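Student: In case it helps, the working numbering puts the sequence shown at residues 34 to 399.
Even for Gly, the Cβ is constructed at its ideal location relative to N, Cα and C.
The structure presented is a predicted model; accordingly, all values stated were derived computationally and were not measured.
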Amino acid sequence: MSQLRIGVIGAGLIAQVEHIPNLLRLRDKFVLAVVSDPSPTARAFVEENFAVPTVAEASELLARPLDAVLVASPDALHLEQVEAGLAAGLHVFCEKPLCYGVADIDRLIAARDRAGRICQVGYMKRFDPSYEAALRLLSESAATLRYVSVEVNDPDAWPFVRHHLYGRAADVPPAEAEAARALQREQVARAVGRPLVGALYQGFVSAYCSSLVHDVNAVHGFLDALGVPDGEVVGAQLFAGGDGGLGTVRLQGGRSVWNMAHLTIPGLADYTERIALYFDDALLELIFPSPWLNHQPTRLVVRRSAGHVLDTHETRSGFEEAYIRELEGFWSSVVEGAPVRNGFEDARRDQRLLCALAAHAAGPTA
34 MSQLRIGVIG AGLIAQVEHI PNLLRLRDKF VLAVVSDPSP TARAFVEENF
84 AVPTVAEASE LLARPLDAVL VASPDALHLE QVEAGLAAGL HVFCEKPLCY
134 GVADIDRLIA ARDRAGRICQ VGYMKRFDPS YEAALRLLSE SAATLRYVSV
184 EVNDPDAWPF VRHHLYGRAA DVPPAEAEAA RALQREQVAR AVGRPLVGAL
234 YQGFVSAYCS SLVHDVNAVH GFLDALGVPD GEVVGAQLFA GGDGGLGTVR
284 LQGGRSVWNM AHLTIPGLAD YTERIALYFD DALLELIFPS PWLNHQPTRL
334 VVRRSAGHVL DTHETRSGFE EAYIRELEGF WSSVVEGAPV RNGFEDARRD
384 QRLLCALAAH AAGPTA
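1. Does the beta-carbon of L317, which I'm using as the reference point, lie nearer than 6 Å to any heavy atom of the ligand NAD?
2. What's the call for D137, buried or exposed, on a 16-neighbour Cβ count within 10 Å?
3. What's the gap between the Cα of G134 and the Cα of Q384?
4. My understanding is that D379 touches N292, with C-beta atoms under 8 Å, so please give their C-beta distance in whole angstroms.
5. If you follow the beta strand (DSSP E) that V154 is part of, which residue opens it and which one closes it?
6. Starting from D187, follow its DSSP beta bridges and name the residues at the other end.
7. Compute the distance between the beta-carbons of R408 and R374, then report whether it is under 7 Å.
8. How is S174 classed by DSSP in three states: helix, strand or coil?
9. Tell me whether F352 sits in a helix, a strand or coil according to DSSP, three-state version.
10. Per DSSP, A101 forms a beta bridge with which residues?
11. Is the beta carbon of G268 sitting closer than 7 Å to the one on Q235?
12. Considering just the uninterrupted stretch of the alpha helix (DSSP H) at F160, what are its terminal residues?
13. Given a cut-off of 7 Å on the beta-carbon distance, is the pair A148 and L119 in contact?
14. Put V267 into one of helix, strand or coil per three-state DSSP.
15. Identify whether S365 lies in helix, strand or coil by the three-state DSSP scheme.
16. Cα separation between L110 and E265?
17. Do the CB positions of L178 and F312 come within less than 7 Å of each other?
18. When DSSP labels each residue in this structure, what does R140 get in the three-state scheme?
19. For the region 91 to 106 against the region 193 to 208, are there 3 or more C-beta pairs whose distance is under 8 Å?
20. Exposed or buried, V261, counting other C-beta atoms within 10 Å across all chains shown (16 or more means buried)?
21. At what residues does the alpha helix (DSSP H) containing Y234 begin and finish?
22. If contacts are defined as beta-carbon pairs under 8 Å, then E361 and K129 qualify, I think. What distance do you get, rounded to the angstrom?
23. Quick one: what's got a C-beta closer than 8 Å to N55's C-beta in the same chain, skipping five residues either side?
24. Roughly how far, in whole angstroms, is the beta-carbon of G40 from the beta-carbon of A105, given that I think they are within contact range, below 8 Å?
25. Does DSSP put E80 in a helix, a strand or coil?
26. Taking just the CA atoms, how far does C127 sit from V79?
27. Residues in its own chain within less than 7 Å of H52 by CB, not counting five upstream and five downstream?
28. Between G43, R76, F83 and A75, which lies nearest to R400 when the distance is taken from Cα to Cα?
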């Protein structure tokens, strides 16, 4: 069985808690050769706790003999680092969001096509066993779809990562941190077509592109299975200083509607994430645990009725971890030629919708 020599760019929370230990666990498929991060604290933590060599710069990592790279750096750095990985001839797995804007993703699609490499985006919910089971159970059609609901309340990661090995780093060189912030402002303005400030800016990069992006991707998978085309944004709000985000999409000319809502509640140690599809005669819902709680099954509940007799069926599809399964999927695409699940085109579609929501929330231009 072929092993891929892989490097990880970025040693923050998602890398330390998920990607680094998961790659080490999948040692029959991956050899984790090197991790890069500008923080000396993060590099020391990785070396001491995972026994993986580190370098300060992504360019140093890309100069190593590798087959693939996993990009887990701050979002604004994805464009440059994915492009550099492809230029180095590597297969690329990139955390979401791939980029903020459609034009930047188009640039990466062109780079991928020139390089002829496999590229996947880190939407782990598409690999959730219960999500896959929901697709298999989806016997309804577009004609019977009435409503799609997404609801998320999230305290952020803090209640769910205290038991994990994690070394928080606050020593990124100030010039690098400011350059990343400036790059983010530039990319967001280019993505939405205007500069965003305050709650609009924070909500776009956080409520939309950090949280709801997962649900947008998952719902797009359901709509594809039903044969429902992309809809029209008819409502959007970013509020609570950017901790909250709402969006409404009209589907099928108004035959059905998709509502989504995210709210960070920083002082409440509780997490709820629910995707529900309502049909003429059925309700299908997925209830996700916090993504930081590994091997916690997502609840899949299907409700139907015959007259007054209600049949509620809950399926448990296993305890496999979606974060691990997405890495296995990446390996399978590279080594075995399996179809790519969550390619760059999927990310383009998701960001196109999120940018349209942000533009609607910002209102008409002067």
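Tutor: Concretely, from the data shown:
1. Annotation note on the ligand NAD: not contained in the displayed structure, which lists no ligands.
2. buried
3. 6 Å
4. Wrong, their Cβ atoms sit about 22 Å apart, outside the cutoff.
5. C152 to G155
6. T297
7. For residue 408 there is no data in the structure shown, the boundaries of the chain being 34 and 399.
8. coil
9. coil
10. I39 and H124
11. no
12. From DSSP, F160 is part of no alpha helix (DSSP H); its letter is neither H nor E.
13. yes
14. strand
15. helix
16. 30 Å
17. yes
18. helix
19. no
20. buried
21. G231 to G236
22. Between K129 and E361 the Cβ distance is about 18 Å, and since that is not below 8 Å, they are no contact.
23. E354, Y356, I357 and L360
24. That belief does not hold up - the Cβ atoms of G40 and A105 are roughly 11 Å apart, past 8 Å.
25. helix
26. 20 Å
27. V41, L103 and A105
28. This structure cannot settle anything about residue 400, because the visible part of the chain is limited to 34 through 399.
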